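Undergrad: Going line by line, the protein sequences match chains E and H.
Position one of the first sequence corresponds to residue 1093 (the working numbering), numbered consecutively onward.
Position one of the second sequence corresponds to residue 2 (the working numbering), numbered consecutively onward.
So that we are looking at the same thing, I have put the structure below in structure tokens.
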Amino acid sequence: MVPLWMYLLVGAGLFCIGVYGVLARRNAVAILMSIELMLTAVNINLVAFWRYVTPQNMSGQAFTAFVFVVAAAEAAVGLAIIISIYRNRRSVIVEEVNVLRG
Amino acid sequence: MESFNFLQSLPAIVPEIGLTITAIIVLFLDLRLPESQRKSIAWVSALCLLATAALYLIFWSPTAETTGLYWGGMVRHDTLAQIFKTMILIAAAITSLMAIDVRGLGRKGEFYLIVLVSSLGGCLISGAADLIMVFLGLETVTIPLYILASFHRNDGRSAEAGMKYFLFGSFASAIMLYGLSLLYGFTGQTNLYEIARYLASPEFSSNALPVIGALVMIVAGFGFKISAAPFHFWTPDVYEGAPTPVTAYLSVASKAASFALLIRFFSAVFPEGLVLNGVEIQNFWVQLATALAVISMTLGNVVALAQRNIKRLLAYSSIAQAGYTLIGVAALQVSASQEHAIAAIAFYMFMYTFTNLLAFAVVALFSEATGSETISDLAGLSRRSPWLALTMTIALLSLGGVPPAAGFFGKFFLFQAAVNSGLVWLALFGVLNSIVALYYYLTVIKVMYVDHSPDEDKPIPVSRTYVWVLGATSIIVIVLGSVGVQPIFDWALRGAQALFGTV
């Protein structure tokens, strides 16, 4: 059977790719995608931990289901905001959206 | 685990039930009322919220018998949760009334609905005792706030504020969630108290390093929610770009609820005396809080000195206020003064909620009437509208910590807690910072009272709703700084004791 640490490694890898994407990409949609990758990493962690640490207690699976739902809500709101930015500016490059500064 | 009793569990979520019912009423009214009458939704929503708060305080206050975990360990019903839930309900009511005359908000039923949903999340995290509830509650607070920040969707500034808030916010919550998943993995539990029990038991034999890693990720998430430096980058832009009532709401409700959760989370999961491989975990997070407090106070106050926009000024001031409150978190390190420190945090948040709402209500009214948010345009406000200038003065003096406004006692209790736990230098640092802060608050007051402007003969009309909002909130701020100190602080102290009560 595949040991637990391999799952965790995949999760950590995905998480790091997500963090790198958020910090390095300039397109708001790409940043949103990177955030979704981070949430996927969390889900892999949760399901792996559930299976290996406490398979009799369902709370890990329930947690994963909630993360799914919230991620979907977040993506819906985020895309709506990005669309309204696009209508205003004709651009979704975060560096070009900078009216507010002090 | 005890058997589930539906009726006994209900009092733990009375505010949430009230908010849900109010949300349904608001949705229904929004459908049925013609556009010209939709302003009355604000009054309906505010009155329902105040009624919920009153019923909750009178009939379903947690007592020694009823304090405990409910709904399968998801929420804890105790006095600390009650304080913060009351705070959030009142803040949401004031916000609804504040939006009534604002163009683009007042006649939109969905605005009130989204505020209600966000408060629902705030109430949930005030009592959350489970990782799932922590995550779900935090997201229920923030996702509606993303929508509210970009509510004026045709205004580029509002949309930009929404986008920045969304990107920073979801990044921070993803990092925090990773920390929570690790914490779940180490212990196999999602209930905060079970996690603590497992971490303390000899069964748990891990290196301290992964636990500290998870802890740092969780602190980063909280740092974002309470807008502590260095996680503050979103704050000034979002505060400036969002519609003013939304700024008011997000500066108080989400911050207060996050502080409630922060206290509960850290004192439950990483309590005093938890030692992993010779590393005292509490020391670690307390020192992290100290560092955040020092950075937030200094950065917030110093950068605020250079601001010309009143909303940006209040944003940096709110970063500094998060820093002062974190002094209370740092003071949790000595068990003898823990209760006092928690009570000080609760009292500070209570007074900060009203003070900041008051300041933003004046700003909302002023910018609706004149279309300007720059500090220099406030010149001559004392002659254009003396009462408005007086109200703003009360709010600013309270933020600066000058008696008789409430801020004085808020800061006093926090610094006292710091001194009690041996952090005299931190208390002195806080006092020095308050002096710096006083400079920019007094500058605004000077502009309102001394400076002259060509528009001085144009009075600013104050509608009746605003008279109510401003009057009631100013009275509360003054009362909290005089006769109200003792009862509210005692209440907060009872809350702090309830936090450490038996589970």
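Glycine included, C-beta positions come from ideal geometry on N, C-alpha and C.
Keep in mind the model is a prediction, meaning the values are calculated, not measured.
Could you say which of H:Ala428, H:Leu379 and H:Ala344 lies nearest to H:Leu81 if we only look at CA atoms?
TA: H:Ala344
Undergrad: Please identify the residue among H:Phe187, H:Ala254, H:Asn278 and H:Phe205 whose C-alpha is closest to the C-alpha of H:Met350.
TA: Taking H:Met350 as reference, the option from H:Phe187, H:Ala254, H:Asn278 and H:Phe205 with the minimal CA-CA separation is H:Ala254.
Undergrad: At a Cβ cut of 8 Å, what residues of the stretch 422-444 of chain H count as close to chain E, listed as they run along the chain?
TA: Hits within the stretch: zero.
Undergrad: What runs of the alpha helix (DSSP H), each 4 residues or longer, lie entirely inside the stretch 147-204 of chain H?
TA: 157-188 and 193-201
Undergrad: With DSSP collapsed to three states, give me the class of H:Thr87.
TA: Of the three classes helix, strand and coil, the one that applies to H:Thr87 here is helix, per DSSP.
Undergrad: From the DSSP output, in three-state form, read off E:Arg1182 for me.
TA: coil
Undergrad: Using the Cα positions of H:Trp286 and H:Val220, report the straight-line distance between them to the nearest angstrom.
TA: Pairing H:Trp286 with H:Val220, the inter-Cα distance amounts to about 8 Å.
Undergrad: Taking the CB atoms as reference points, tell me whether H:Thr87 and H:Ala54 lie closer together than 8 Å.
TA: Between H:Thr87 and H:Ala54, the CB-CB gap stays under 8 Å.
Undergrad: Measure the alpha-carbon distance for H:Arg104 versus H:Gly214 and round it to whole angstroms.
TA: 46 Å
Undergrad: Look at the alpha carbon of E:Ile1175 and the alpha carbon of H:Glu161, and state the distance between them as a whole number of angstroms.
TA: 11 Å
Undergrad: Count the other CB atoms, across all protein chains shown, that sit within 10 Å of the CB of E:Cys1108; report buried if there are 16 or more and exposed otherwise.
TA: exposed
Undergrad: Answer yes or no: does any C-beta atom of chain E fall closer than 8 Å to that of H:Leu125?
TA: no
Undergrad: Between the stretch 1125-1145 of chain E and the stretch 1095-1108 of chain E, do at least 3 Cβ pairs fall closer than 8 Å?
TA: yes
Undergrad: What is the rounded straight-line gap between the Cα of E:Gly1105 and the Cα of H:Asn192?
TA: Each residue's Cα considered, the two are about 27 Å apart.
Undergrad: Quick check: what's the CA-CA separation for H:Ala13 versus H:Ser475?
TA: 31 Å
Undergrad: Quick check on DSSP: helix, strand or coil for H:Thr375?
TA: Here H:Thr375 sits in strand by DSSP.
Undergrad: If we count Cβ pairs, one from each stretch, closer than 8 Å, do we get three or more for the stretch 21-33 of chain H versus the stretch 1179-1187 of chain E?
TA: Taking 8 Å as the limit for Cβ pairs, the verdict is that the stretch 1179-1187 of chain E does not touch the stretch 21-33 of chain H.
Undergrad: With DSSP as the reference, identify every bridge partner of H:Ile277, one or two as the case may be.
TA: First, the amino acid is wrong: residue 277 of chain H is Leu here, not Ile. Looking at the DSSP assignment, H:Leu277 forms a beta bridge with H:Val280.
Undergrad: From the beta carbon of E:Val1145, is the nearest beta carbon of chain H less than 8 Å away?
TA: Yes, its Cβ sits closer than 8 Å to a Cβ of chain H.
Undergrad: Helix, strand or coil: how does DSSP classify E:Ile1105 here?
TA: Checking the sequence shown, residue 1105 of chain E turns out to be Gly, not Ile. Three-state DSSP puts E:Gly1105 in a helix.
Undergrad: Measuring alpha carbon to alpha carbon, tell me which of H:Leu98, H:Ala428, H:Ile89 and H:Gly74 ends up nearest H:Lys40.
TA: Closest by alpha carbon: H:Leu98.
Undergrad: For H:Asn302 versus H:Val437, is the C-beta spacing smaller than 8 Å?
TA: yes
Undergrad: Closer than 8 Å, CB to CB, is E:Leu1192 near chain H or not?
TA: True, the Cβ-Cβ gap to chain H drops below 8 Å.
Undergrad: Leaving out five residues before and five after H:Thr444 in sequence, what residues of the same chain have Cβ atoms less than 8 Å from its Cβ?
TA: Ile376
Undergrad: Taking a cut of 8 Å between CB atoms, which residues from the stretch 200-220 of chain H lie near chain E?
TA: none
Undergrad: Looking only at its chain, what residues have a beta carbon closer than 7 Å to the beta carbon of H:Val295, apart from the 5 residues adjacent to it on each side?
TA: Phe430
Undergrad: Of the residues that make up the stretch 154-178 of chain H, which ones have a beta carbon closer than 7 Å to any beta carbon in chain E?
TA: Flagged, chain order: Arg154, Gly157, Arg158, Ala160, Glu161, Ala162, Gly163, Met164, Phe167, Leu168, Ser171, Phe172, Ala175 and Leu178.
Undergrad: Is there a Cβ of chain H sitting closer than 8 Å to that of E:Asn1119, yes or no?
TA: No, because no Cβ of chain H sits closer than 8 Å to the Cβ of E:Asn1119.
Undergrad: Does E:Glu1166 get closer than 8 Å to chain H when you measure Cβ to Cβ?
TA: Closer than 8 Å: yes.
Undergrad: Would you check if the distance between the CB atom of H:Ser318 and the CB atom of H:Leu400 is smaller than 8 Å?
TA: yes
Undergrad: Can you list, in chain order, the residues of its chain whose CB lies under 6 Å from that of H:Val330, leaving out five sequence neighbours each side?
TA: Here the set comprises Ala290.
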